[in-house]
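A.B. asks: Here you go, one structure.
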Amino acid sequence: MAPPILAHPPGTASRRAPSHSARASTGIPAPADAAALRGVLERHGGPPLALTEDTAREPRDATASLIRILDLDDVDEAAEAINALLDRHPARPRLVRLPGRPWSLHARAPHDADPAHWLLSTTALALALWLGERGYCAWGRCAAPGCRRYFIDTGRRSPQRYCSSRCGTRVRVAAHCGRRER
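Using the working numbering, the letters of the sequence shown correspond one by one to residues 137 to 318.
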């Protein structure tokens with residue numbers, strides 16, 4: 137079974153997570169090695185972390201905390217979990233302007249921070265901002281059978297149920313075919 141990944145991080149221009157062929161059991165894209173992870177971080181505005189093959193595994197291992205939050209529907213429980221994560225991994229917010237993009241808020245990692253600290257503080261800050269802006273848990277796991285990806289609901293209308301239009305279309309086509317067969 138394919139592990140979950142975050143499909144729509146808040147504030148991304150493409151509204152899609154970077155695509156990678158391998159995925160870790162914890163659910164985030166699993167670059168093959170430290171160099172590949174450095175490339176992902178560079179393309180998406182992450183800090184220039186000093187990564188080794190061992191430390192490149194730490195962000196994948198740290199996602200269990202994030203998945204527990206993304207699985208929450210209760211806004212108070214989510215706020216408590218995010219606050220606890222921010223207590224353990226304080227974010228040092230900073231405005232950053234990446235080439236060709238508008239200013240955005242990033243978490244600054246201390247020079248001696250491990251990659252997991254950076255991932256957890258950055259994600260906790262992003263989820264806290266998103267929860268505060270939306271006032272509810274505007275995220276979830278894709279409702280398509282067999283898909284275990286997560287999404288951040290960036291829509292303005294009805295609540296999002298699928299990680300992508302592809303999953304939504306696949307479910308609607310299967311339902312239509314099922315009705316035609318009856």
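Each residue gets a CB set at the ideal place from its N, CA and C atoms; glycine is no exception.
1) How would you label Tyr-272, buried or exposed, when you count the other beta carbons within 10 angstroms and need 16 or more for buried?
2) Between the Cα of Leu-263 and those of Asp-169, Leu-208, Ala-310, Val-307, spot the shortest distance and give me the residue it belongs to.
3) Comparing alpha-carbon positions, which option in Cys-283, Val-309, Gly-314, Arg-293 lies nearest Cys-299?
4) Grab me the residues of Asp-169's own chain with a C-beta within less than 7 Å of its C-beta, minus the 5 sequence neighbours each way, in chain order.
5) With burial defined as no fewer than 16 other Cβ atoms inside 10 Å of the residue's Cβ, what is the status of Glu-317: buried or exposed?
6) Helix, strand or coil for Arg-230, going by three-state DSSP, please let me know.
7) Write down every uninterrupted run of the beta strand (DSSP E) in the region 251-306 whose length is 3 residues or greater and which is fully enclosed by it, in chain order.
8) Looking only at DSSP bridge pairs, what is Ser-240 linked to?
9) Specify the secondary structure class of Thr-188 as computed by DSSP and reduced to three states.
10) Report the three-state DSSP secondary structure of Ala-249 (helix, strand or coil).
11) Do you know how far the Cα of Ile-218 is from the Cα of Trp-324?
12) I need the boundaries of the alpha helix (DSSP H) containing Arg-318, first residue and last residue.
13) For Arg-297, which residues from the same chain have a beta carbon less than 8 Å from its beta carbon, with the 5 sequence-adjacent residues on both sides left out?
14) Would you decide whether Arg-196 is buried or exposed? Buried here means 16 or more other CB atoms lie within 10 Å of its CB.
15) Just the C-alpha distance for Ala-214 and Gly-175, rounded to the nearest angstrom, thanks.
16) Which residue comes first and which comes last in the alpha helix (DSSP H) that contains Gly-182?
17) Can you tell me where the alpha helix (DSSP H) with Arg-204 in it begins and where it stops?
18) By Cβ distance, which residues of its chain are closer than 8 Å to Val-211, with the 5 residues on each side in sequence left out?
C.D. replies: Quick answer:
1) Residue mapping note: residue 272 aligns to position 136 of the sequence shown, counting from 1. Exposed, by the Cβ-count rule.
2) Indexing the sequence shown from 1 puts residue 263 at position 127. Closest by alpha carbon: Leu-208.
3) By 1-based counting over the sequence shown, the position of residue 299 is 163. Closest option to Cys-299, Cα to Cα, is Cys-283.
4) The sequence position of residue 169 within the sequence shown is 33, counting from 1. Answer for Asp-169: Glu-189, Ala-192, listed in chain order.
5) Translated into positions along the sequence shown, residue 317 becomes position 181. Here Glu-317 is exposed, its C-beta having fewer than 16 other C-beta atoms within 10 Å.
6) As a working note, residue 230 is residue 94 in the sequence shown. Here DSSP, grouped into helix, strand and coil, assigns Arg-230 to strand.
7) Positions of the beta strand (DSSP E) runs, each at least 3 residues long and wholly inside the region 251-306, are given as 275-277, 286-288 in order along the chain.
8) Reading the sequence shown from its first residue, position 104 is the one you call residue 240. Per DSSP, Val-232.
9) On the sequence shown, position 52 is the one that residue 188 refers to. If DSSP states are grouped into helix, strand and coil, Thr-188 belongs with coil.
10) Numbered from its first residue, the sequence shown carries residue 249 at position 113. Taken through DSSP and simplified to helix, strand or coil, Ala-249 comes out as coil.
11) With the chain covering 137 to 318 only, the question about residue 324 has no answer from this structure.
12) The sequence position of residue 318 within the sequence shown is 182, counting from 1. In the DSSP assignment, Arg-318 falls outside any alpha helix (DSSP H) and carries neither an H nor an E.
13) The count along the sequence shown starts at 1 and reaches residue 297 at position 161. For Arg-297, same chain residues with a beta-carbon under 8 Å away, outside a window of 5 residues either side, are Gly-276, Cys-278, Ala-279, Gly-304 in chain order.
14) Walking along the sequence shown from the start, residue 196 turns up at place 60. Taking all protein chains shown into account, Arg-196 has 16 or more neighbouring C-beta atoms within 10 Å of its C-beta and is therefore buried.
15) Translated into positions along the sequence shown, residue 214 becomes position 78. Translated into positions along the sequence shown, residue 175 becomes position 39. Taking the straight line from one Cα to the other gives about 31 Å.
16) Residue 182 sits at position 46 when you count from the first residue of the sequence shown. Note, Gly-182: premise wrong, no alpha helix (DSSP H); not H, not E.
17) The residue labelled residue 204 in the question sits at position 68 within the sequence shown. 194-206 is the span of the alpha helix (DSSP H), which, as asked, contains Arg-204.
18) Position 75 of the sequence shown, counted from the start, is the residue given in the question as residue 211. Sequence-distant partners of Val-211 (beyond 5 residues in either direction) whose C-beta falls short of 8 Å from its own C-beta, in its chain, are Leu-267, Gly-271, Tyr-272, Cys-273.
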